[in-house]
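Trainee: Numbering that gives the first Met the number 0 puts the first residue of the sequence shown at 0, with every later residue one more than the last.
The beta-carbon is built from N, C-alpha and C at its ideal position, and this holds for glycine as well.
All values derive from a computational prediction rather than experimental measurement.
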Amino acid sequence: MDTIQPESHSVTRLLRIPRSDHPESFVLLHVTGSKTFSSSLDLIATEGENPFTGTVRRTHLENLRAKNYHGSDEEWAQIVWHVFGQPAESVGNLGSLHSIESSATVCGSDGAPKELVISIRKRIEGITQRLGSVILAQNDEQEIQLLDWCGTAIASTNALEQRCRSLQDRTCAAENMINQLNDQLLQLIGAKEQHEEQLLANLVRLLNQKKLKIRNQHRLLDTIKPDPETGKI
Numbered sequence: 000m001d002t003i004q005p006e007s008h009s010v011t012r013l014l015r016i017p018r019s020d021h022p023e024s025f026v027l028l029h030v031t032g033s034k035t036f037s038s039s040l041d042l043i044a045t046e047g048e049n050p051f052t053g054t055v056r057r058t059h060l061e062n063l064r065a066k067n068y069h070g071s072d073e074e075w076a077q078i079v080w081h082v083f084g085q086p087a088e089s090v091g092n093l094g095s096l097h098s099i100e101s102s103a104t105v106c107g108s109d110g111a112p113k114e115l116v117i118s119i120r121k122r123i124e125g126i127t128q129r130l131g132s133v134i135l136a137q138n139d140e141q142e143i144q145l146l147d148w149c150g151t152a153i154a155s156t157n158a159l160e161q162r163c164r165s166l167q168d169r170t171c172a173a174e175n176m177i178n179q180l181n182d183q184l185l186q187l188i189g190a191k192e193q194h195e196e197q198l199l200a201n202l203v204r205l206l207n208q209k210k211l212k213i214r215n216q217h218r219l220l221d222t223i224k225p226d227p228e229t230g231k232i
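In structure tokens, the structure reads:
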């Protein structure tokens, strides 16, 4: 007998974050959160040699802010969750998130435990403002499950491709509907012009008939002359 597995309420993201200390390199970041605006995010990362782990908690986001960043707590929470690929609590400030960037740096000397620092910045017209950072500690006991990570990445890619195909189908259907409406509009415009031309032709014909009738009446009047003796017609 098959058992029914409970529906997962977690959201897993696999992110590629460029390294600022090695421009050609990157780190892989595995993020686990909730389908809703979760209270914490579990982070596992690797630069290809060492595993790093950390947790981002909503109640401790203030500790991650840069001193010169004066945005609201809500804005900062939206930015952090956006950087880590999590669903936003609201869509009020999503328009300003396109300028948010992140990069990673591995810090520490040889032989000592290292740290992975994920820096969060905002770039506007070439000006960069540091907003905050998240530090992950080296954790050699953490296993990097690359097979599972690849499965997560492939599943995410497949979901995005399916969504793109669905959007393409909806776009094609909308374009077909627009084309049909345009054809109907052109037909209505053509029928309207034809109707107006017919009305104008009928009006011209009616005016010509009136003019002809008036001319005939004038000719008839010209042929009628009064009797010079009686003055009667």
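Only counting the same chain, and skipping five residues up and downstream in sequence, which positions put a Cβ closer than 7 angstroms to that of T52?
Mentor: Here residue 52 refers to the residue found at position 53 of the sequence shown. Excluding positions up to five away in sequence, the list reads L42, I43, L135, A136, N138 and Q141.
Trainee: What does the alpha-carbon distance come out to for the pair V90 and I126?
Mentor: By one-based count along the sequence shown, residue 90 stands at place 91. By one-based count along the sequence shown, residue 126 stands at place 127. Model confidence at V90 stands at a pLDDT of 48, short of 50, so the residue's coordinates are unreliable and nothing is read from them.
Trainee: Taking 8 angstroms as the threshold (C-beta atoms), are R64 and G107 in contact?
Mentor: In the sequence shown, counting from the first residue as 1, residue 107 sits at position 108. In the sequence shown, counting from the first residue as 1, residue 64 sits at position 65. No. Outside cutoff.
Trainee: With H, G and I counted as helix, E and B as strand and the rest as coil, what does DSSP make of A306?
Mentor: The displayed coordinates of the chain run from 0 to 232. Any statement about residue 306 would go beyond what the structure contains.
Trainee: Within a Cβ cutoff of 8 angstroms, which residues of the same chain sit near E148, ignoring the five residues on either side of it in sequence?
Mentor: Counted from its first residue, the sequence shown places residue 148 at position 149. Residue identity check: residue 148 is Trp in the sequence provided, not Glu. Once the five neighbours on either side are set aside, the close Cβ partners of W148 are L13, L27 and H29.
Trainee: In whole angstroms, what separates the C-alpha of R56 from that of A76?
Mentor: Here residue 56 refers to the residue found at position 57 when the sequence shown is read from its first residue. Here residue 76 refers to the residue found at position 77 when the sequence shown is read from its first residue. Computed Cα separation, rounded: 10 angstroms.
Trainee: Out of V82, H97 and R122, state which residue places its alpha-carbon closest to the alpha-carbon of A103.
Mentor: Here residue 103 refers to the residue found at position 104 when the sequence shown is read from its first residue. Considering only alpha carbons, the answer is V82.
Trainee: Can you look up K233 in the DSSP assignment and give me helix, strand or coil?
Mentor: Outside the modelled stretch of the chain, which goes from 0 to 232, sits residue 233, for which no answer is possible.
Trainee: Please state the DSSP three-state secondary structure of I117.
Mentor: Sequence index remark: in the sequence shown, residue 117 carries index 118 (1-based). Strand, per DSSP.
Trainee: Using the rule of at least 16 other Cβ atoms within 10 Å of the residue's Cβ for burial, across every protein chain shown, is L115 buried or exposed?
Mentor: Sequence index remark: in the sequence shown, residue 115 carries index 116 (1-based). With 16 or more other CB atoms across the displayed protein chains lying within 10 angstroms of its CB, L115 is buried.
Trainee: In this structure, does DSSP put E124 in helix, strand or coil?
Mentor: For this step, residue 124 is matched to residue 125 along the sequence shown. E124: coil per DSSP, three-state reduction.
Trainee: In the structure shown, what three-state DSSP assignment does S98 receive?
Mentor: For the purposes of this step, residue 98 is identified with residue 99 of the sequence shown, where counting begins at 1. S98: helix per DSSP, three-state reduction.
Trainee: Quick check: T292 and T156, are their CB atoms within less than 8 angstroms of each other?
Mentor: Outside the displayed span of the chain (0 to 232) sits residue 292, for which this structure offers no information.
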